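Residue numbers (this note's numbering): 4 to 383.
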Amino acid sequence: MGEYMRKKRVLLLSEGFGTGHTQAAYALAAGMKRLDPRLQCRVIELGNFLNPKMGPFILSAYRKTVSSSPRLVGMLYRKQYDKSLNRLTKLALHRIFYTQAARVMKQLRPDLIVCTHPFPNAVISRLKRKGIQVPLITLITDYDVHATWVNKEVNQYLVSTPQVRNLLLRRNVPAESVQVTGIPVHPNFWERGDKEQLQKELGLKPMPTVLIMSGGWGVSFNKEMIRLLLSWADDIQLIFCMGSNEKQLQKMKSTPELDHPNIRLLGYTKDIDRWMDVSDLLITKPGGMTCTEGLAKGIPMLFYEAIPGQEEENGQYFVELGSAEMISPMVLRRWHHRLLHEYGQVENDRLKALTATGPGKKPCYCAQQVLEWLHRHTLS
């Protein structure tokens with residue numbers, strides 16, 4: 004009887020390579036807990052958890068490659084686009100992960116596993132082939148799909164758009180196994196906060212405001228772009244959010260040109276939803292999670308310095324959707340004019356974007372669908 008009455012357990016597995024995968028796992032877990040507080044959710048970055056010595060080393064190497072050779076990342080992405088994990092990679096994954104992962108499954112006894120990264124997805128698929136009988140949902144956390152995501156053992160794929168669904172169908176994934184849910188965002192992004200109240204709480208002036216995000220790894224900003232933006236500071240509030248790049252933040256704090264009453268410099272913050280609420284324009288790299296959060300908040304976006312590969316695909320998707328533009332001096336000049344002389348229209352467009360029902364549906368939709376799937380396919 005106790006087995007049937009116990010709380011449902013959901014294990015969400017991610018990996019630290021690339022941006023947004025773990026963030027998506029935490030967002031989904033928080034959303035599901037908001038909808039069903041009885042649920043037990045555990046998020047684990049598999050590589051770090053099972054091999055703490057190797058995990059940071061591999062992640063550090065990956066980050067250096069992205070920072071110093073983005074073209075190489077793009078070339079590898081395209082070259083390997085239609086290939087699943089090769090034999091050598093699978094063998095390495097097997098050596099590092101499989102045995103320990105099997106022990107974790109036995110210990111945690113999840114009712115459902117959700118993978119938000121191709122590596123743990125491959126690991127769990129292998130374990131399922133070896134006899135572990137736990138339903139596996141794969142959440143593809145980008146607006147494109149690489150072949151490494153595809154495994155026969157996946158019970159259900161959740162994807163961002165109909166286009167990504169079609170890409171999976173072309174890779175011979177059964178149509179009934181793919182659902183368009185949008186990428187999940189934390190419940191803090193499910194609705195917009197009170198702008199005036201938040202301005203007071205965050206110590207901001209009631210004036211046009213631009214949020215500039217450096218991305219999770221703080222890749223350096225384009226200097227020409229910074230010069231253009233700094234020329235706005237007398238009329239427009241600028242918030243630079245440098246994420247976890249403490250070194251870049253300190254460098255910016257000691258730059259005289261950035262010492263202005265209308266410029267705020269932020270490090271890592273858990274309140275990015277609040278900063279989006281008080282901002283009228285978001286300038287960012289087109290990472291899947293940041294774009295999705297921006298879309299949920301209805302904030303117009305300008306993209307710069309996309310990493311070749313998935314970030315390029317993400318950027319293209321949001322530009323075609325009409326939610327973003329690629330940054331350029333001409334685009335910046337137009338936005339400067341809009342924020343100063345057409346502010347009412349900017350606000351109206353924001354309200355329209357918030358009420359529009361696009362292909363990602365409501366921000367809570369993904370969490371709702373996973374909960375429904377869990378209750379349909381596991382013992383109650």
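We put the beta carbon where it would ideally sit given N, CA and C, even for glycine.
Predicted, not measured: the structure shown is a model, and the values here were computed from it.
Rounded to the nearest angstrom, what separates residue i and residue j at their Cα positions?
| i | j | result |
| --- | --- | --- |
| Val181 | Pro332 | 41 Å |
| Glu260 | Gln166 | 44 Å |
| Leu16 | Gln110 | 15 Å |
| Asp24 | Leu284 | Note that residue 24 is His in the sequence shown, not Asp. Spanning the two alpha carbons is a distance of roughly 24 Å. |
| Ile239 | Pro138 | 51 Å |
| Leu252 | Leu324 | 33 Å |
| Gly196 | Arg37 | 17 Å |
| Gln103 | Phe122 | 14 Å |
| Asn191 | Ile275 | 9 Å |
| Ser217 | Leu305 | 12 Å |
| Asn388 | Thr258 | Outside the shown range of the chain (4 to 383) lies residue 388, about which nothing can therefore be said. |
| Lys256 | Asp262 | 7 Å |
| Gly34 | Met279 | 19 Å |
| Glu18 | Pro366 | 23 Å |
| Ile229 | Glu308 | 13 Å |
| Lys288 | Gly246 | 12 Å |
| Arg9 | Leu42 | 10 Å |
| Pro362 | Gly318 | Reliability of the predicted coordinates at Pro362 is poor, the pLDDT of 48 falling under 50, and no value is obtained from them. |
| Gly185 | Ala299 | 10 Å |
| Ser326 | Val148 | 21 Å |
| Glu350 | Asp237 | 21 Å |
| Leu172 | Gln26 | 26 Å |
| Glu179 | Arg341 | 45 Å |
| Leu130 | Leu49 | 14 Å |
| Arg336 | Val183 | 37 Å |
| Asn54 | Val107 | Confidence in Asn54 is poor, its pLDDT being 48 and thus under 50, which makes the residue's placement unreliable; the coordinate value appears in the next sentence. One C-alpha to the other measures close to 13 Å. |
| Ile330 | Asn154 | 37 Å |
| Gly347 | Lys355 | 13 Å |
| Glu227 | Gln200 | 34 Å |
Of the choices the options, whose alpha-carbon is the least far from that of residue i?
| i | options | result |
| --- | --- | --- |
| Gly291 | Val188, Leu172 and Met245 | Val188 |
| Asp2 | Gln319, Gly301, Phe243 and Met255 | Because residue 2 is not part of the residues shown, which for the chain are 4 to 383, the question remains open. |
| Gln136 | Tyr146, Arg112, Gln240 and Asn154 | Arg112 |
| Pro40 | Gln26, Lys11 and Leu49 | Lys11 |
| Leu282 | Glu249, Glu316 and Leu241 | First, the amino acid is wrong: residue 282 is Ser here, not Leu. Ranking the options by Cα distance to Ser282, first place goes to Leu241. |
| Leu232 | Gly246, Glu204, Ile266 and Glu316 | Ile266 |
| Glu296 | Ser163, Ile140, Glu227 and Leu377 | Ser163 |
| Ser128 | Leu171, Asn158 and Gly318 | Asn158 |
| Trp193 | Ala105, Tyr368, Ala150 and Ser326 | Tyr368 |
| Gly134 | Asn154, Ala105, Val148 and Ile143 | Ala105 |
| Leu207 | Leu49, Lys250, Arg337 and Leu268 | Leu268 |
| Val176 | Gln200, Lys198, Ala150 and Glu199 | Ala150 |
| Thr144 | Glu314, Gln372 and Leu374 | Glu314 |
By the three-class DSSP mapping on this structure, what secondary structure does residue i have?
| i | result |
| --- | --- |
| Met329 | strand |
| Thr358 | helix |
| Ser72 | Any reading at Ser72 must be qualified, since the residue scores a pLDDT of 48, below 50, and its modelled position is unreliable; the value itself is stated next. Residue state, collapsed to three classes: coil. |
| Ser17 | strand |
| Met304 | strand |
| Arg195 | coil |
| Val117 | strand |
| Gln136 | coil |
| Val373 | helix |
| Ile47 | strand |
| Leu207 | coil |
| Phe367 | Looking at the sequence shown, residue 367 is not Phe but Cys. Cys367: coil per DSSP, three-state reduction. |
| Thr381 | coil |
| Ile186 | coil |
| Ile239 | coil |
| Tyr160 | strand |
| Ile127 | helix |
| Ile266 | strand |
| Thr141 | strand |
| Val148 | coil |
Using 8 Å as the threshold, is the C-beta distance between residue i and residue j below it?
| i | j | result |
| --- | --- | --- |
| Trp152 | Asn169 | no |
| Pro209 | Gln202 | yes |
| Ile286 | Val334 | no |
| Glu156 | Arg132 | yes |
| Val117 | Val13 | yes |
| Tyr320 | Tyr160 | no |
| Thr272 | Cys294 | no |
| Thr119 | Ala28 | yes |
| Ala32 | Cys44 | yes |
| Thr381 | Leu115 | yes |
| Glu328 | Val322 | yes |
| Trp235 | His339 | yes |
| Arg277 | Leu377 | no |
Under a CB-based cut-off of 8 Å, is residue i close to chain D?
| i | result |
| --- | --- |
| Leu231 | Protein chain content of the structure displayed is limited to a single chain, and chain D is not contained in it. |
Can you determine whether any heavy atom of the ligand GDP sits closer than 7 Å to the C-beta of residue i, and answer yes or no?
| i | result |
| --- | --- |
| Leu111 | Summarising the ligand content, the structure contains no ligands, and the ligand GDP is consequently not present. |
Item to check | Inside the region 270-295 only - beta strand (DSSP E) runs reaching at least 3 residues | outcome: Listed in chain order, the beta strand (DSSP E) runs fully inside the region 270-295 are 284-287, counting runs of at least 3 residues.
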